[in-house]
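Visitor: Each residue of the sequence shown is one higher than the one before, starting from 667 at the first, in the numbering used here.
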Amino acid sequence: MSVGTSSAPGAQDAGNPPAASRPPGDPAGLGIDPDQLPDGLVVADEQGHVICFNTAAERITAVRAQDALGQRLEKALPLEDLEGRRWWQLTDPYGGLAIRVGQPERNLLLPGGREVLVCARYVRTRPTGPLRRLVVTLRDTEARRRTERSHAELIATVAHELRSPLTSVKGFTATLLAKWERFTDDQKRLMLETVDADADRVTRLIAELLDISRIDSGRLEVRRQPVDIGAAVGRHIQAYVAAGQSADRFLLRVQQPLPDLWADPDKIDQVLSNLLENAVRHGEGTVTIDVTATASPREDEDTGTSVTVSDEGPGIPEESMNRVFTRFWRGSKRGGTGLGLYIVKGIVEAHGGTITVGRAPGAGAEFRFTLPVSAPAYLA
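(1) Starting from the C-beta of A898, find all residues in its chain whose C-beta is less than 8 Å away, skip the five residues before and the five after it, and write them out in chain order.
(2) Rounded to whole angstroms, what's the CA-CA distance from K882 to G761? Just pull it up for me.
(3) Going along the chain, which residues of its own chain have a beta-carbon closer than 8 Å to the beta-carbon of L917, five neighbours each way excluded?
(4) Where does N988 land, buried or exposed, given buried means 16+ other C-beta within 10 angstroms?
(5) According to DSSP, is I717 part of a helix, a strand, or is it coil?
(6) What is the DSSP secondary structure of F916, reduced to helix, strand or coil?
(7) For R772, tell me which candidate among V782, A764, I765 has the shortest Cα-Cα distance.
(8) State yes or no: is the C-beta of D926 within less than 8 Å of the C-beta of V1039?
(9) So for P689, helix, strand or coil by DSSP?
(10) I need the straight-line Cα distance from Q713 to A728, nearest angstrom please.
(11) Should G779 be labelled buried (16 or more other beta-carbon atoms within 10 Å of its own) or exposed?
(12) So, using beta-carbon positions, are T1036 and S976 closer together than 8 Å?
(13) Tell me the DSSP secondary structure of I1009 in three-state form.
(14) Name the residue from T958, E950, R889 whose alpha carbon lies nearest to the alpha carbon of P923.
(15) By DSSP, does A909 sit in helix, in strand, or in coil?
(16) One question on the structure: do P831 and D864 come within less than 8 Å of each other, judged by their Cβ atoms?
(17) Determine the closest residue to R1025 out of G979, I726, L800, R993, with distance taken between C-alpha atoms.
(18) Which whole-angstrom value is the C-beta distance of L739 and L776, which I expect to be below 8 Å?
(19) Could you tell me which of L707, R829, D894 sits nearest to I726, measuring between CA atoms?
(20) Identify the continuous alpha helix (DSSP H) that holds S939 and give its terminal residues.
(21) Ordered along the chain, which non-local residues of its own chain (more than five positions away) have a Cβ less than 6 Å from that of R787?
(22) Distance check for S986 and L804, CA to CA, integer angstroms please.
(23) Quick check on R885: buried or exposed, where buried means 16 or more other Cβ atoms within 10 Å of its Cβ?
(24) Can you have a look at S879 and say buried or exposed, based on whether 16 or more other CB atoms are within 10 angstroms of its CB?
(25) Answer with buried or exposed for R829, where buried requires no fewer than 16 other C-beta atoms within 10 angstroms of its C-beta.
(26) I'd like to check one pair, L735 with N720: are the Cβ atoms closer than 8 Å?
(27) Per the DSSP calculation, T833 is bridged to which residue(s)?
(28) In terms of residue numbering, what span does the beta strand (DSSP E) encompassing E887 cover?
(29) Tell me the DSSP secondary structure of T992 in three-state form.
(30) Short of 8 Å in beta carbon distance, which residues of its chain neighbour L748, apart from the five on each side in sequence? Order them along the chain.
(31) Applying the criterion that 16 or more other CB atoms from any shown protein chain within 10 Å of the CB defines a buried residue, is A731 buried or exposed?
(32) Counting along the chain, where does the alpha helix (DSSP H) carrying T757 start and finish?
(33) Give the secondary structure of G761 by DSSP, where H, G and I count as helix, E and B as strand, and everything else as coil.
(34) In terms of alpha-carbon separation, which member of W928, L1007, G1006 lies closest to T969?
(35) For S962, name the three-state secondary structure that DSSP assigns.
(36) Leaving out the 5 sequence neighbours to the left and right, which residues in its chain are closer than 6 Å to S834 when beta-carbon positions are compared?
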């Protein structure tokens, strides 16, 4: 074990259980084995001596527990702030204001410059009384760095995707303004249609960025209304046929009767649009859409609605299946931001539903999402 087997003098004061009643490896009277905690835990007694130094603290600080136990806190855990000031001298938990209850989480530096997230709690025998325990938690900053890298990658990707249509819009509008009378009406129409399409692309990218922000923060709103999911799929198929796709490429099968579905029609359209576009662009052969009644993903409901979109293309490699719904995942054909399926998953889950990916009977990709029938917002 990495936790000390004895406590500093005075550790068994009022409010602390006798050592015989504590779990093994629990010198601070915490009621649990500190080595089982995912974060680093360091506890100092009323005299500032370390009485607990768990395994996670060893891993984060690269200090052995046997070297830290019994030492003064400032020696066992010599932290500095980002300006190089010694943290324990600066905050003075034992001699400072008695009304303080702790220190909020902040970035501090270990010897050698390694950055850690540190939070401290002051435990007193009574309000404004002397400090009985100083409890310090430590967390590695790697998880936060990964999040920051993900945000930076998102910004870089969106900026890159925005640059192309904005460059086109600027080029065509500048050309038209400078040389309007040199172009025929057909040429003007072509350039304006290109500007219009690029403006739609920019709008779509901004909408994706806003969706991701709402999904990540848990603020994606779902405005439930009655949705005819079969008719919604039919509209998307008609749009593809109007754009030049063969009607024979699509097979829509709707099982009747379907339960009444209450969902956000705009967001369900967004899900269907992404899944059908994925099948048309990356798949081959017939795109089959099955709409069926199924068991609800919610325990308090009996029925739900399931939509399966499959194609006859090469499918998704087995090793990529677990990454399909992550940010920036793209199939074998490059293009797009790689954010569509991440947003699809967020929308489905915001409805209380589930979505899966697998291999279709025809060897292509198969996406299946299931929604609870739910109820309108004013009845929920």
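Every residue gets a Cβ at the ideal spot worked out from N, C-alpha and C, and that includes glycine.
Guide: Let's see:
(1) P931, I934, D935, L938
(2) In the sequence as displayed, the identity of residue 882 is Asp instead of Lys. Those two C-alpha atoms are separated by around 42 Å.
(3) T952, V953, T954, I955
(4) exposed
(5) strand
(6) strand
(7) V782
(8) yes
(9) No answer about P689 holds up, because its pLDDT of 42 lies below 50 and its placement is not dependable.
(10) 24 Å
(11) exposed
(12) Contact flag unset, no.
(13) helix
(14) T958
(15) coil
(16) For P831 and D864, yes; Cβs fall inside 8 Å.
(17) Of G979, I726, L800, R993, the residue nearest in Cα terms is G979.
(18) Between L776 and L739 the Cβ distance is about 14 Å, and since that is not below 8 Å, they are no contact.
(19) L707
(20) 931-948
(21) G768, V801
(22) 35 Å
(23) exposed
(24) Exposed: under 16 other Cβ atoms inside 10 Å.
(25) exposed
(26) no
(27) Paired residue(s): none; T833 is not in a bridge.
(28) Here E887 belongs to no beta strand (DSSP E), and DSSP marks it neither H nor E.
(29) coil
(30) N773, L774, L775, listed in sequence order.
(31) Buried is the call here.
(32) 753-757
(33) coil
(34) W928
(35) coil
(36) D864
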